[in-house]
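Before any comments, here is the structure.
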Amino acid sequence: MDDLKDISVDAEINSDKFPKIKVDLRTPLELTFFWLAGLSVVAIVFAFIFSPGEKFDQQWQAVMAVAGICLVFSIAFYFNTDNYYIFDLVNKMMFYHFRFFSYTRVERVASFADIHAVTSTGSQESDRYENYHTYRVQCILNTGQILYLSDDTHGNLEKQNGTARKIAAITGAEYVAGIPGCYAVAKKAGDRFSFSFFEPSWFDITKKSAFEIGAILVYVAILVTIGKNGPAIIRFLKSLIE
């Protein structure tokens with residue numbers, strides 16, 4: 000099976016050359032395991048830095064033990080999860096491939112005729128040094144459902160537009176070029192869906208920042224809860240080993 004990223008934007012895409020094309024991306028489940036692993040590492044480092052001297056009390060032991068277990072399982076789950084889309088050019092169908100360890104499922108998502116439009120959408124981000132935009136590819140189905148078909152990339156709109164063009168060529172859907180600094184919103188004209196573009200408003204940026212702050216507070220609350228129940232957690236873990 001050919002991978003979409005290995006196919007040129009100018010290539011002639013047909014079922015004779017490319018019977019099936021794989022569109023790989025990190026799905027929400029894979030991202031969850033990835034972030035759990037990262038947060039587990041942060042918790043372990045946090046426990047080392049803020050532990051009371053050389054001797055850890057049971058609160059910090061519990062944080063490190065739970066974070067260590069979470070890290071091991073998250074890494075195992077991440078590397079044994081493989082989810083991606085398949086574009087079947089012979090049958091003109093889009094499928095979703097799901098694998099978790101030895102369990103595999105392939106299910107139909109839509110026919111090519113059900114995919115109305117493909118575009119690149121933007122999102123404004125910021126860090127300590129700058130504000131910037133990330134972009135990813137999305138399509139809209141005849142039901143109005145939007146599916147993301149790529150990972151976010153930092154500022155690389157041209158590359159994402161190229162991916163969107165290739166998917167539009169595969170499926171026969173309308174290609175709508177993404178606009179720098181703008182995000183795409185579904186619109187309907189007659190019986191067809193497409194996309195309109197808008198610049199992020201102050202409310203959009205504030206809402207996202209509030210969500211990120213909320214996620215950090217939840218993370219800290221989990222660490223505090225683990226610490227407060229440290230002795231009980233250590234006893235429980237020891238009972239499993241013994």
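The sequence shown runs 0 to 241 under numbering that gives the first Met the number 0. C-beta atoms are modelled at their ideal positions from N, C-alpha and C, and glycine is treated no differently. Please read these numbers as outputs of a predicted model, since none were measured by experiment.
Cβ neighbours of residue i in the same chain (closer than 7 Å, five flanking residues each side left out)
| i | result |
| --- | --- |
| Glu198 | Gly180, Cys181 |
| Asp150 | Leu24, Arg25, Arg135 |
| Ala36 | Leu70, Ser73, Ile74, Tyr77 |
| Gln137 | Thr118, Thr120, Ile145, Leu146, Tyr147, Leu148, Ala183 |
| Gln60 | Gly229, Ile233 |
| Pro18 | Leu88, Val89 |
| Val62 | Ala42, Ala46, Leu222, Ile225, Gly226 |
| Ser14 | Leu88, Val89 |
| Gln123 | Asn130, His132, Pro199, Ile204 |
| His153 | Tyr131, Thr133 |
| Asp5 | none |
Neighbourhood of residue i by C-beta, 6 Å cutoff - its chain only, sequence neighbours within 5 removed
| i | result |
| --- | --- |
| Lys186 | Ser193, Ser195 |
| Phe86 | Ile20, Met93, Ile169 |
| Lys16 | none |
| Arg112 | Rather than Arg, the amino acid found at residue 112 in this sequence is Ala. Nothing listed; no residue qualifies. |
| Leu38 | none |
| Asn160 | Ser119, Ala176, Gly177 |
| Ile12 | Ala168, Ile169 |
| Val65 | Ile225 |
| Gln57 | Gly229, Pro230, Ile233 |
| Thr142 | none |
| Thr162 | Val136, Ser149 |
Span of the beta strand (DSSP E) around residue i
| i | result |
| --- | --- |
| Met92 | 92-99 |
| Ser125 | 114-125 |
| Ala64 | Run containing Ala64: none in the beta strand (DSSP E); it sits in the alpha helix (DSSP H), 57-78. |
Nearest-angstrom beta carbon gap, residue j and residue i [assumed within contact, 8 Å]
| i | j | result |
| --- | --- | --- |
| Ala109 | Leu88 | That pair is no contact at about 14 Å. |
| Phe97 | Arg104 | 5 Å |
| Val175 | Ala116 | 5 Å |
| Ile102 | Tyr84 | Looking at the sequence provided, one finds Tyr at residue 102 rather than Ile. Not a contact, Cβ separation roughly 18 Å. |
| Ile114 | Ala188 | With a Cβ gap of about 16 Å, Ile114 and Ala188 do not count as contacting. |
| Val8 | Arg191 | Not a contact, Cβ separation roughly 24 Å. |
Start and end residues, alpha helix (DSSP H) containing residue i
| i | result |
| --- | --- |
| Phe17 | Phe17 -> no alpha helix (DSSP H), and no H or E assigned at all. |
| Gly275 | With the chain running from 0 to 241 in the structure shown, residue 275 is simply not present. |
| Glu29 | 27-49 |
Residues bridged to residue i (per DSSP)
| i | result |
| --- | --- |
| Lys237 | According to DSSP, Lys237 bridges with nothing at all. |
| Phe86 | Ile20, Met93 |
| Gln137 | Thr118, Tyr147 |
| Val105 | His96 |
| Ser110 | Met92 |
| Tyr131 | Glu124 |
| Thr152 | Tyr134 |
| Glu173 | Ala116 |
| Asp5 | The partner list for Asp5 (beta bridge, DSSP) is empty, contrary to what the question assumes. |
Cutoff 7 Å: residue i Cβ touching any chain D Cβ
| i | result |
| --- | --- |
| Leu24 | Reference to chain D is not applicable here, since this structure consists of a single protein chain. |
Close beta carbons around residue i, own chain, < 8 Å, minus the five adjacent residues each side
| i | result |
| --- | --- |
| Tyr218 | Leu38 |
Only counting runs of 3 or more residues, tell me where the beta strand (DSSP E) segments fall wholly within the segment 175-232, in order along the chain. 182-188, 191-197
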